[in-house]
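Residue numbers (the working numbering): 5 to 96.
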């Protein structure tokens, strides 16, 4: 895998990160991006079908659905500080 000055930051990352990779662009090697998941459990790599470098315009609904699901899953499993309520939690 290509190494860059950000490698140390990737290894030390302590917050969730979602990386979406286009499947129809030869500049993006999905196998290399999948190695990020092995380096750090906080990183999730999702292939975006039928997309290239302009994936946000080519697969907008797919991407937005994955971002929402990612945030919801992380919010449900995150440790909440004492006294703070989870979004959408009912009281009373």
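Just so you know, even glycine gets a beta-carbon here, dropped at the ideal spot from N, CA and C.
Shown here for residue 28: same chain residues with a beta carbon closer than 7 angstroms to its own, the five before and five after excluded, namely 54, 55 and 56 in chain order.
In chain order, 48 and 74 place their CB closer than 6 angstroms to the CB of residue 22, counting only its own chain and leaving out the 5 sequence neighbours on each side.
For residue 24 and residue 67, the gap between their C-alpha atoms comes out near 8 angstroms. Going by DSSP, residue 17 is part of no alpha helix (DSSP H) at all; its letter is neither H nor E. A Cβ-Cβ separation of about 5 angstroms places residue 26 in contact with residue 52 under the 8 angstroms criterion. Counting other Cβ atoms within 10 Å of its Cβ, residue 39 stays below 16 and is therefore classed as exposed. Around the Cβ of residue 59, a 10 Å sphere holds 16 or more other Cβ atoms; the residue is buried.
CA-to-CA, the gap between residue 13 and residue 37 works out to about 15 angstroms.
Secondary structure note for residue 31: it is in no beta strand (DSSP E), with a DSSP letter that is neither H nor E.
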